[in-house]
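Structure first, then comments.
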Amino acid sequence: MLESTMLFGATMLVYRGMVVLAVALLVLSRAGAEDICTVGNEGLECTQQTSKLLIQGGTVVNADYQQQADVYIEDGVVKLVAPNLKAVGGVRIIDATGKFVMPGGIDPHTHMEMPFMGQESIDDFFSGQGAALAGGTTMHIDFALPVDGDLAAGYQAWEKKAEKSCMDYGFHMAVTKWNDDVAKDMEWLVKEKGINSFKFFMAYKGALMVTDEELIQGFKKCKELGALPQVHAENGDGVVEGQTRMIELGITGPEGHPLSRPPVLEGEATARAIRLAKFVNTPLYVVHVMSIDALDEVSRARHSGQRVIGEPVASGLALDDSKLWDPDFKIAAQYVMSPPIRAAGHSQALQAALSSGVLQLVATDHCPFNSTQKALGKYDFRKIPNGVNGVEERMHIVWDTMVNSGKISVMDYVRVTSTACAKIFNIYPRKGAILPGSDADIIILNPNATTTISSKTHHSRIDTNIYEGWSMKGNIETTISQGNVVWEKGNLNVQRGKGRYIAMKPFGYLFDGLDKVDAAYLTSLKAPVHRAS
Ligand code: URP
Ligand code: ZN
Ligand code: ZN
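Taking mature numbering (1 follows the signal peptide of the UniProt record, and there is no 0), I'd label the letters of the sequence shown as residues -33 to -1, 1 to 500.
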């Protein structure tokens, strides 16, 4: 029944010029092995699912180092990364010769099952995560929304939605108003519930939008708790004015959406949020940077030494707004998201900023609505639910636009799709790395295979795909989540309820040294002046 085999592997490793003698002791057993069968293209296909895996012959890429090495995984954790590991009995061997073995993607920005604009985004935690895994993303951080302004109720609602999860996930929480209860709940969420980031919407007036006063109070509380404030940066009052202007001009179709919220409104809000963050002396994370205008503000702030993180999304990096003028409403409406996908030129600037390090990580803002939901705005673009797909496509789109084009290295690809996110949200090196002790969330990418994206083959519930027909070199052939092979040969093997909530601790690296800046500020005041009465 229970066979055990011992294997000694002794190997010379070279790590950054140092020669290291690594002695690998692996205990291999049959325990935990089971057959998993799925209906694939060629009928019933069975693979042995074991808690022990050895990925052999690939190039293992971390954000700071790549090497020819094998990866040994046991019980969901990476145990060893070294060349020439050998295994016997009970260990499943995966051949990665000629392929890249990389940390699974982490998408820092998704909206599963989100109630928004009278609709609910069409992917739930199970379907959205299945899509993510098929596309090489093994963890995401979803935006929980308060229920009627109540953060605790919002957290509980998201906890419930996420029970069906099949991969690891975390939460950000939105703050949509300000009072003592909100402040107390923020504290509870950080100290008891593993949330270390809060999002403030500067747009969506009358729904999610906060005022500058609320933004300042929220930033102060975030700083006190060691939680990262995030902003959706568009001037919400300006957007309402822009929408009215378009309707008065008789522009009611999807093209009215980008015309009503031009880059200047994104640039203004980004600048305002950055300056308020400087005023409070807190780090800031700007979600979905879509335009040169916003990018310039992030760039200026970073060059001045301010701690600002800029997050582009796959759609902004890879697409332009031309489809919003498509005569077919169904096609045009698919591309409606906020801030809007911009005119040609903005995406190239975002790509350049990503390669130069002005922007740090790529998200998706996955918030899919199907064509019947989008049709609610057929005669008024203001009613088209905002959001696009991307959680399944991000890893391929970034590979194609950034690596295939020569704009970034493969190590930088790992950084912008996984490692930077893990570091910013304080879960590195458990996530975002292939190192002994890291979670075995791993992808194998074949740079010579091809991929074509289509709504006919994708795994999301959405009936359209903004990347329809996108064909490219490079294919994520295998995804390993928690040490289990969940995607291979085009088949998805996922289990409802297997996903784990990943608690994220406050006071990540972005908070280091803020106290010194505060102290210097207080000294610089030279006040109060003590005057003789
Ligand atoms: O259009 C978008 N981005 N929908 C999701 C909500 C948000 O603003 O992130
Ligand atoms: Zn947003
Ligand atoms: Zn979003």
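Every residue gets a Cβ at the ideal spot worked out from N, C-alpha and C, and that includes glycine. These numbers come from a predicted model, not from an experiment.
Assuming residue i and residue j are in contact, meaning their beta carbons sit under 8 Å apart, how far apart are those beta carbons, in whole angstroms?
{"i": "I433", "j": "Y346", "result": "I433 to Y346, Cβ: 22 Å. No contact."}
{"i": "G137", "j": "I108", "result": "5 Å"}
{"i": "H497", "j": "T331", "result": "Between T331 and H497 the Cβ distance is about 56 Å, and since that is not below 8 Å, they are no contact."}
{"i": "Q172", "j": "V198", "result": "In the sequence as displayed, the identity of residue 172 is Lys instead of Gln. With a Cβ gap of about 15 Å, K172 and V198 do not count as contacting."}
So is residue i buried or exposed if we call it buried at 16+ other beta carbons inside 10 Å?
{"i": "L11", "result": "Annotation note: pLDDT 42 at L11 (below 50); position unreliable, coordinate value reported separately. Under this definition L11 is an exposed residue."}
{"i": "D204", "result": "exposed"}
{"i": "S282", "result": "buried"}
{"i": "V231", "result": "exposed"}
{"i": "A487", "result": "exposed"}
{"i": "P82", "result": "exposed"}
{"i": "K493", "result": "exposed"}
{"i": "D482", "result": "exposed"}
{"i": "G56", "result": "exposed"}
{"i": "S491", "result": "exposed"}
Quick one, which of the options has its alpha-carbon nearest residue i's?
{"i": "I429", "options": "V45, Y39, Q340", "result": "Q340"}
{"i": "T424", "options": "W437, P414, E181, N415", "result": "W437"}
{"i": "H270", "options": "L291, K483, R239, S323", "result": "S323"}
{"i": "G43", "options": "D62, Q327, M134", "result": "M134"}
{"i": "Q184", "options": "K166, A174, K374, V325", "result": "K166"}
{"i": "S405", "options": "L47, A281, V452", "result": "L47"}
{"i": "K472", "options": "L52, A268, E154", "result": "E154"}
{"i": "T431", "options": "D90, P70, R463, V114", "result": "D90"}
{"i": "V149", "options": "D479, A129, E181, E126", "result": "E181"}
{"i": "I214", "options": "I469, N451, A389, K350", "result": "K350"}
{"i": "N248", "options": "S500, P495, D485", "result": "D485"}
Are residue i and residue j touching if we call contact CB-CB under 8 Å?
{"i": "L321", "j": "V383", "result": "yes"}
{"i": "F348", "j": "S164", "result": "no"}
{"i": "G475", "j": "H363", "result": "no"}
{"i": "S448", "j": "L100", "result": "yes"}
{"i": "P196", "j": "L251", "result": "yes"}
{"i": "P352", "j": "E233", "result": "no"}
{"i": "V28", "j": "M378", "result": "yes"}
{"i": "K144", "j": "G116", "result": "yes"}
{"i": "Q327", "j": "T368", "result": "no"}
{"i": "L112", "j": "L156", "result": "no"}
{"i": "F93", "j": "K151", "result": "no"}
{"i": "A299", "j": "G220", "result": "yes"}
{"i": "L412", "j": "K66", "result": "yes"}
{"i": "H224", "j": "L284", "result": "no"}
{"i": "A36", "j": "P50", "result": "yes"}
{"i": "P279", "j": "V256", "result": "yes"}
{"i": "G25", "j": "V68", "result": "yes"}
{"i": "P70", "j": "S376", "result": "no"}
{"i": "E455", "j": "E444", "result": "yes"}
{"i": "V365", "j": "D74", "result": "no"}
{"i": "R361", "j": "T104", "result": "yes"}
Going by the DSSP bridge assignment, what does residue i pair with across the sheet?
{"i": "R59", "result": "L20"}
{"i": "N451", "result": "S448"}
{"i": "D135", "result": "M106"}
{"i": "N442", "result": "N413"}
{"i": "A330", "result": "V280"}
{"i": "Y468", "result": "Y136"}
{"i": "F67", "result": "T26, L412"}
{"i": "L195", "result": "S164"}
{"i": "I420", "result": "In the DSSP output, where bridge partners are listed per residue, I420 has none listed."}
{"i": "M369", "result": "Answer is none; M369 lacks a bridge partner."}
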